[in-house]
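Enquirer:
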Amino acid sequence: MFDSLHKGLSGVIRKLVSGGSVDKKEVEAMLQDIRKLLLQADVDAKMADQLVANIKKKAVDSPVPAGMTLREHVLKVIYDELVALLGGKPSGLAGRKRIMMVGLFGSGKTTTIGKLAKHFIKQGVRPGLVALDYHRPAAPQQLEQLGKAMNVPVYVEESKDVYRAAKNGMEKFAKLDLIIFDTAGRNALDSELADEVKRLGEIIRPDEVLLAIPADLGKVAKAQAEEFHRLVGVTGVIITKMDGTAKAGGALSATSVTGAKVKFIGMGEKPDDLEVYDPTRFVSRLLGLGDLQTLLEKAKEIEIKKESVDKIVEGKFTLADFMEQIEAMEKMGPMSQVMSMIPGMSGRVSEDVLKQQEGKMKKYKHIMQSMTKDERNFPDLVTANRIKRIAKGSGRTEADVRELLNQYNSMRKMMRQLGGKAGMQRGQMKQLAKQFGLSF
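This is the structure in structure tokens:
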């Protein structure tokens, strides 16, 4: 997510926070560094210049408020202005009845519709999906597969008449809480497809028109967003593929020409990898200040069992408990994403090291899946002969199985020590667990 910009800005902030005394000349030099970083991330030049001008006016040319140091004042102004640049207050989709999705071919639009449906299902909303992309033969089938996986009804028009599909889809799903329309991926400047999306907008009369923009689109995003807005009146933006790019400034800049706010950001391929976009939290992570609120919300969603946490705290956990924790961590998302939400941890561990750890966790999970239930619950049963069988069944080496067992025993020993007087008190550990919605 914004890898280059994140590293650059968090470095600027670290320098500001941890350095010696700060004067206005140093702040002005810092602002030029910020401008350069924004331009490298494909943020529109006018937006970058305006941001720097606003920060300079409020942080350098204005007096420092009473009770604040220049350093504190500059940090607050940078934070506030970045939040304003990247969207201001968060904007939701509550109460919508018809959502029309538009976007370029290859933007991840159809996949995003599946994620959006999952988001609404979690909120108790009953959605229906209507296929309106008959230019790409596999598109309706892809939508049907997504719907089937989530038990969400999908309407596909047999005649492949896109306008009839829109009308019949609305009739079929009239009693549902929400209808999401999947239009054909298109270049907004293509006159034939432009006419189609405009007419569909007139037929559907959507409460919300969401534009899917891939994070790696670059500066072209602005022109495309402008044209889509002219055709159907874009009301919100979903930035897709945020997990796989070092740049996304072009996609964020595109929102300025439509006046529409970013509603969600797509952070991966899984159905749950859609994050409600909150500029304040996003900027906190961008600056390396963390985002504990989102982290806690994610932790609550995965519903870790109290008994399992209890056993880990006491150092009495089994391999079955260990596997459950690995599966819970996988649901939280990539380690780099989780680390970016912890204040002071962003950028402290390299991406390569985090990927190695993720690979190790997957390896351990495969090994434990090849064990019997008794072996996971009573690891002492795992003898040399069993290690051979487990290694063969998991496609791993015997050394890998022993590595897992050694890691498990080391963790259990460490947790027992932490639970005693030699380390963190057990009560403190339970208090920490409570932050994740667990009661003891």
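-5 is the number of the first residue of the sequence shown in our numbering; add one for each residue after it. Here a beta-carbon is modelled for each residue, glycine too, at the ideal position from N, C-alpha and C.
Rounded to a whole number of angstroms, what is the C-alpha to C-alpha distance between V148 and F175?
Expert: Distance between the alpha carbons of V148 and F175 is about 10 Å.
Enquirer: Span of the beta strand (DSSP E) holding E202?
Expert: That run of the beta strand (DSSP E) goes E202 to P208.
Enquirer: Which two residues bound the contiguous beta strand (DSSP E) that contains A125?
Expert: First-last of the beta strand (DSSP E) with A125: P121 to L126.
Enquirer: Go through its chain and collect everything with a Cβ distance to M355's Cβ below 8 Å, but skip five positions before and after it.
Expert: Excluding residues within five positions, the ones whose Cβ falls inside 8 Å are I320, M323 and E324.
Enquirer: Helix, strand or coil, according to DSSP, for D272 in the structure here?
Expert: D272: coil per DSSP, three-state reduction.
Enquirer: Helix, strand or coil for D368? Go by DSSP, reduced to three states.
Expert: Of the three classes helix, strand and coil, the one that applies to D368 here is helix, per DSSP.
Enquirer: Bridge partners for R92 per DSSP, in chain order?
Expert: In the DSSP output, where bridge partners are listed per residue, R92 has I173.
Enquirer: Do V156 and Y128 come within 9 Å of each other at the CB atom, strictly closer than that value?
Expert: In contact: Y128 and V156 (Cβ atoms closer than 9 Å).
Enquirer: Identify whether L286 lies in helix, strand or coil by the three-state DSSP scheme.
Expert: For L286, the predicted model reports a pLDDT of 48, less than 50, meaning its position is unreliable and no value from the coordinates is stated.
Enquirer: For K382, which residues of its own chain have a beta-carbon under 7 Å away from its beta-carbon, when the five flanking residues on both sides are left out?
Expert: Around K382: E392.
Enquirer: Just list the beta strand (DSSP E) runs in the stretch 0 to 45, keeping only unbroken ones of 3 residues or longer that don't cross its boundaries, in chain order.
Expert: Runs found: none.
Enquirer: Look at the alpha carbon of F99 and the alpha carbon of K70, and state the distance between them as a whole number of angstroms.
Expert: Approximately 40 Å between the Cα atoms of the pair.
Enquirer: Using only CA atoms, which one of Y271, L137, I72 and T104 lies nearest to L10?
Expert: Considering only alpha carbons, the answer is I72.
Enquirer: I'd like the ranges of any beta strand (DSSP E) spanning at least 3 consecutive residues and lying wholly in the stretch 388 to 412.
Expert: Taking only runs of at least 3 residues, no beta strand (DSSP E) segment lies wholly in the stretch 388 to 412.
Enquirer: From A215 to T252, what distance separates their C-alpha atoms?
Expert: Answer to the nearest angstrom: the Cα atoms are 11 Å apart.
Enquirer: Among all the DSSP beta bridges, which residues are the ones paired with V256?
Expert: V256 is bridged to V231.
Enquirer: Check this for me: beta carbons of I198 and M94, under 9 Å apart or not?
Expert: Closer than 9 Å, so yes.
Enquirer: Helix, strand or coil: how does DSSP classify V54 here?
Expert: Helix at V54.
Enquirer: Is it true that the CB of G179 sits closer than 9 Å to the CB of L205?
Expert: For L205 and G179, no; Cβs fall outside 9 Å.
Enquirer: Closest by CA to L79, which one among H67, D43 and R8?
Expert: Checking every option, the nearest Cα to that of L79 belongs to D43.
Enquirer: Among E165, T234, N181 and Q34, which residue has its Cα nearest to the Cα of L110?
Expert: Selected option, being the one with the closest Cα: T234.
Enquirer: If you drop the 5 nearest sequence neighbours on each side, which residues of the same chain put their C-beta closer than 8 Å to that of Q401?
Expert: Correct list, in chain order: Y358.
Enquirer: If you follow the alpha helix (DSSP H) that R130 is in, where does it begin and where does it stop?
Expert: Per DSSP, R130 belongs to no alpha helix (DSSP H) and is neither H nor E.
Enquirer: Grab the span of the alpha helix (DSSP H) containing R158 for me, first residue to last.
Expert: That run of the alpha helix (DSSP H) goes V156 to K166.
Enquirer: Under 9 Å, do T104 and L45 count as touching if we go by C-beta distance?
Expert: No, Cβ-Cβ distance for T104 and L45 is not below 9 Å.
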